[in-house]
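Take a look at the structure below.
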Amino acid sequence: MKIQNNVMNNLVLLFVKQPIAGLVKTRLAKKIGDKAATELYKCFVEDLLEKLKVNGFDFRICLWPPDPPEDIRNWLGTDYWPQEGDDLGQRMRNVFLRAFSNSEEKVVLIGSDIPDVPAEYLFESFDALENCDIVLGPCHDGGYYLIGLSKKVPEMIFEQIDWGAKNVYDQTLSKIKQLRLKLYELPKWFDIDTYEDLLQFQQRHKSSEALKTIKMIRQWQI
Numbered sequence: 018m019k020i021q022n023n024v025m026n027n028l029v030l031l032f033v034k035q036p037i038a039g040l041v042k043t044r045l046a047k048k049i050g051d052k053a054a055t056e057l058y059k060c061f062v063e064d065l066l067e068k069l070k071v072n073g074f075d076f077r078i079c080l081w082p083p084d085p086p087e088d089i090r091n092w093l094g095t096d097y098w099p100q101e102g103d104d105l106g107q108r109m110r111n112v113f114l115r116a117f118s119n120s121e122e123k124v125v126l127i128g129s130d131i132p133d134v135p136a137e138y139l140f141e142s143f144d145a146l147e148n149c150d151i152v153l154g155p156c157h158d159g160g161y162y163l164i165g166l167s168k169k170v171p172e173m174i175f176e177q178i179d180w181g182a183k184n185v186y187d188q189t190l191s192k193i194k195q196l197r198l199k200l201y202e203l204p205k206w207f208d209i210d211t212y213e214d215l216l217q218f219q220q221r222h223k224s225s226e227a228l229k230t231i232k233m234i235r236q237w238q239i
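Okay, structure coming up:
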């Protein structure tokens, strides 16, 4: 799905996994069960899509695995980019290359397990890319929730990274320094991988009714 933004040639890439038991939120599922974890993940995605639409971002859904069954096409629609590559790094690199080949100038990629990430961080990323090569948003667990690039893809930053390890961010910083890229760092934010992460999310939104994620947590009494 893609809509027009007020700023031309800026694009958000939303990385989404098919909401299939055993594929999404497996650590969370150990505590709340596969069905609840899968439905919760769908709420994450829907909250992020709403945020992108409400704030006028031009965006693309990037889907993994790339060939969804009919029920998932009915949920997300058919206007998505497939994620292609042997690992997460290759898949990220390839969608950046595709975006820049389509004449996008500033591209920001986010994960789909950050339903309450502030929209201000996305606006801040595009502003920062006016004067820097790369933007990173670090997670508290050692990864990153956002990466933004301007006009070119330094492919080395996606290579030989231990994806899923607790030092993904530090490994990426090391490559950025090697390449002498100008970096802008966003504030740390929280992704939701574990039950403890989910409890922290609930604490941040004790009085909130806006997010589908919160409504589901209360409805299911997770």
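Counting from 1 along the sequence shown, just add 17 to a position and that's the residue number in our numbering.
We treat Cβ as the ideally placed atom computed from N, Cα and C, and that holds for glycine.
When the beta-carbon positions are compared, residue 185 and residue 114 stay at least 8 angstroms from each other.
Here the segment 36-47 does not lie against the segment 97-114, with fewer than 3 beta-carbon pairs under 8 angstroms apart. At a Cβ-Cβ threshold of 8 angstroms, residue 152 and residue 165 count as neighbours. The beta-carbon distance between residue 79 and residue 92, rounded to whole angstroms, is 15 angstroms. This is too long to meet the 8 angstroms contact definition.
Nearest Cα to residue 205 within the set 32, 138 and 55: 138. The beta carbon of residue 116 sits closer than 6 angstroms to those of 28 and 124, all from its chain and outside the five residues before and after it, given in chain order.
In the assembly as shown, residue 183 is an exposed residue. Its beta-carbon has fewer than 16 other beta-carbons within 10 Å. For residue 111, the enclosing alpha helix (DSSP H) covers residues 105-118. Proximity to residue 172 across 163, 189 and 86 peaks at 189, based on C-alpha coordinates. Under the 8 angstroms Cβ criterion, the segment 227-236 counts as touching the segment 59-67, having at least three qualifying pairs. Shown here, residue 76 sits in a strand according to DSSP, grouped into three states.
Counting C-beta atoms within 10 angstroms of its own C-beta, residue 238 has fewer than 16 neighbours from the protein chains shown and is therefore classed as exposed. A Cβ-Cβ distance of about 23 angstroms is found for the pair residue 233 and residue 87, leaving them out of contact under the 8 angstroms criterion. The beta carbons of residue 133 and residue 76 sit no closer together than 8 angstroms. By the neighbour-count criterion, in which a residue is buried when 16 or more other Cβ atoms sit within 10 angstroms of its Cβ, residue 194 is exposed. The C-beta distance from residue 106 to residue 175 rounds to 4 angstroms, short enough to meet the 8 angstroms contact threshold.
Here residue 83 is exposed, its C-beta having fewer than 16 other C-beta atoms within 10 Å. Put simply, of 155, 145, 121 and 53 the residue whose alpha carbon is nearest the alpha carbon of residue 235 is 53. Residue 37 and residue 94 have their alpha carbons spaced roughly 16 angstroms apart.
For secondary structure counted as the beta strand (DSSP E) over 3 or more consecutive residues, the segment 134-203 holds these complete runs in sequence order: 151-155, 161-167 and 200-202.
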